[in-house]
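So the sequence shown is numbered by the numbering used here: it starts at 21 and just counts up by one. Cβ coordinates follow ideal geometry from the N, Cα and C atoms, glycine included. Comments concern the structure below.
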Amino acid sequence: MLKEFKDFAVKGNVVDMAVGIIIGGAFGKIVSSFVADVIMPPIGLLMGGVNFTDLKLTLKPAQMDPVKQTMVDAVTINYGKFLQTTVDFLIVAFAIFLMVKALNSFKKKEAAAPAAPPAPSKQEVLLAEIRDLLKK
């Protein structure tokens, strides 16, 4: 079992997976920033100056706790953040779709190219020479 794990790790599968996860995490942060800082502000401006991160439905307003003299947070449903996260997801999903589609098209091109026939063996070459000599 240890040998199998070593073979698996040495083949590069683990390294490839780790690189993919790291790049995917960084890509997710870039997309989140792009959506939050570039896409949503103009959409909010077109909708009358709405900041999507501030959109929420208040179920229970914030209150002052009379005993502890502290503020109790409001209970809210933050649907604006949900909308923003949904746009993040759609952009990431579309980018991954395009990447997979490009990889599949490269694979199809490689598969479509016919493989060269294998070189004849020494025995076949010798038999062909004998055949040619007999024809003469």
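Can you tell me which of the three DSSP states leucine 75 falls into? By one-based count along the sequence shown, residue 75 stands at place 55. Of the three classes helix, strand and coil, the one that applies to leucine 75 here is coil, per DSSP.
Contacting residues, own chain, Cβ-Cβ under 8 Å from valine 107 (five flanking each side not counted): Indexing the sequence shown from 1 puts residue 107 at position 87. Once the five neighbours on either side are set aside, the close Cβ partners of valine 107 are Val55, Ile59, Met60.
Assigned exposure category for phenylalanine 72 - 16 Cβ within 10 Å defines buried: Position 52 of the sequence shown, counted from the start, is the residue given in the question as residue 72. The residue is buried, with at least 16 neighbouring Cβ atoms inside 10 Å.
Which residues in the same chain as lysine 155 place their Cβ atom closer than 8 Å to its Cβ, once the five residues preceding and following it in sequence are excluded? Within the sequence shown, numbered from 1, the residue matching residue 155 stands at position 135. Excluding residues within five positions, none has a Cβ falling inside 8 Å.
Please list, in chain order, all residues of the same chain as leucine 77 whose beta carbon is under 7 Å from its beta carbon, the five residues on each side excluded. The sequence position of residue 77 within the sequence shown is 57, counting from 1. Taken in chain order, the residues that qualify are Thr96, Ile97, Tyr99.
Contiguous beta strand (DSSP E) assignments of at least 3 residues, all confined to the segment 32-119: 77-80, 83-85, 90-92, 95-97
To test your reading of the DSSP string, which unbroken beta strand (DSSP E) runs of 3 or more residues are found completely within the segment 123-156? none
CA-CA distance, lysine 88 and aspartate 74? One-based indexing of the sequence shown puts residue 88 at position 68. One-based indexing of the sequence shown puts residue 74 at position 54. Taking the straight line from one Cα to the other gives about 28 Å.
Counting C-beta neighbours from all protein chains within 10 Å, is the total for glutamine 104 16 or more, i.e. buried, or is it exposed? Sequence index remark: in the sequence shown, residue 104 carries index 84 (1-based). Looking at its Cβ environment, which holds 16 or more other Cβ atoms inside 10 Å, glutamine 104 is buried.
Under 8 Å, Cβ to Cβ, is there at least one residue of chain D near lysine 23? Here there is only one protein chain, and chain D is not present.
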